[in-house]
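Engineer:
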Amino acid sequence: MGGDDLWAITLMLAHPDVFDVKGITTVFGNVDVNQATKNVCDLLAYLGREDIPVYVGADAPIQGRRMFGDDAYGEGGVGGVFFPENNKKAEDKNAIDFIVQTLKEANEPITLIGTGPMTNLALIVRDYPELHSQIKEIVVMGGAIKPGPHPVPPHRIGNITEAAEFNFFQDSFAPNIVTKSGIKLTIMTADVNQQYAITDDIKTRFRDIGSFGEMMIQMTSAVEHLDREKFGMDGPALHDPCVILYLLQQLNLGHFYKSAKNQGFSTTQTPEEWETNGAFILNDNKMNSWVVTETADIPAIIDTL
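Heads up: the sequence shown begins at 938 in the working numbering, then just goes up one per residue.
#1: For Trp944, which three-state DSSP category applies?
#2: With a threshold of 8 Å on Cβ separation, who are the neighbours of Glu1045 within its own chain once the five nearest residues in sequence on each side are excluded?
#3: Following the continuous beta strand (DSSP E) through Glu1067, name the residue where it begins and the one where it ends.
#4: For Phe1020, tell me which candidate among Val1076, Asp1164, Asp979 has the shortest Cα-Cα distance.
#5: For the putative contact between Ile1124 and Val1160, defined by C-beta atoms under 8 Å, what is the C-beta separation to the nearest angstrom?
#6: Between the stretch 995-1002 and the stretch 1095-1114, can you find at least three pairs of beta-carbon atoms closer than 8 Å?
#7: For Glu1102, count neighbouring C-beta atoms within 10 Å of its own C-beta (all shown protein chains included) and say buried if the count is 16 or more, exposed if not.
#8: Taking only beta-carbon positions, decide if Lys975 is within less than 9 Å of chain D.
#9: Rounded to whole angstroms, what is the Cα-Cα separation between Gly1119 and Gln1132?
#10: Look at the alpha carbon of Glu1028 and the alpha carbon of Gly994, and state the distance between them as a whole number of angstroms.
#11: Output the residue ranges of the beta strand (DSSP E) runs that lie fully inside the stretch 1145-1210 and measure 3 residues or longer, sorted by chain position.
#12: Please classify Ala951: is it buried, with 16 or more other beta-carbons within 10 angstroms of its beta-carbon, or exposed?
#13: Quick check on DSSP: helix, strand or coil for Glu1212?
#14: Compare the Cα-Cα distances from Thr1232 to each of Glu1209, Asn1222, His1192, Asn1225 and report the closest residue.
#15: Give me the DSSP bridge partner(s) of Asn1220.
#16: Do the stretch 1212-1230 and the stretch 1184-1201 make contact, defined as three or more Cβ pairs closer than 8 Å?
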């Protein structure tokens, strides 16, 4: 759970009339799962939402070893932000058991959201096929299809390697498991987030909010130099909130992105050959996967954030 995951959680909790949050599950990624869990608990305590339960999820991919990261969000995964001491802890039940119980007890299908590696989601899909009908949709941020604004080198597509986006790189097996299930899967690719940057002018707007806005900008500070170096951007890209914005758009609460396209894909599963691992490969096996690659209204995105 890096800084942009916490942005996504904050945006979601800012719309309590839209999102009935049953719980938050953690997964490895920018940091190990224990640090990710602490980050979420710290944020919830800071926001006064200790009532939302947190559950510890996977600390490694479905197959193979954990892949390397690029320290995109700095030490601790939140760009050097220090939250006040608090007593918020994760629940004893693990993430998989929580999701299974929630799906079993739900009166109607539930939407699952993923902003990190898809390991928890893939384990549910693979091991509990009887619960597929209880999942309305899975919406994730992951994958990359085309180069960013000014990629270095020119053929660079991914933000962790030249071929792959971070989440799909970390667990390249998980996306394939989920898309083959037939459950509706909507993927917000990194492409949509690299079409705008958190520029200095935008940072000023957030800082004008006060200490909270300053803290949120601080979370993006570590990744900024990477986005400038790899994609020639004028500030950091902000990836994970796109999942929440997409769901708001589905409820006619904004028009941020162009329509999702029914698109088959696979990810290359080569963890021992990291240069190609996790690449997002389009194909004609559409299944029930939908891909969003283009923004529609960048000013509206910034205003909503």
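All C-beta atoms in this analysis are idealised placements derived from N, C-alpha and C, irrespective of residue type, glycine included.
Structural biologist: Taking the geometry as given:
#1: helix
#2: Lys1073
#3: Counting along the chain, Glu1067 falls outside any beta strand (DSSP E), and DSSP gives it neither H nor E.
#4: Asp979
#5: Wrong, their Cβ atoms sit about 21 Å apart, outside the cutoff.
#6: yes
#7: buried
#8: In summary, chain D is missing from the structure at hand, where a single protein chain is found.
#9: 30 Å
#10: 11 Å
#11: 1201-1204
#12: exposed
#13: coil
#14: His1192
#15: Gly1201
#16: yes
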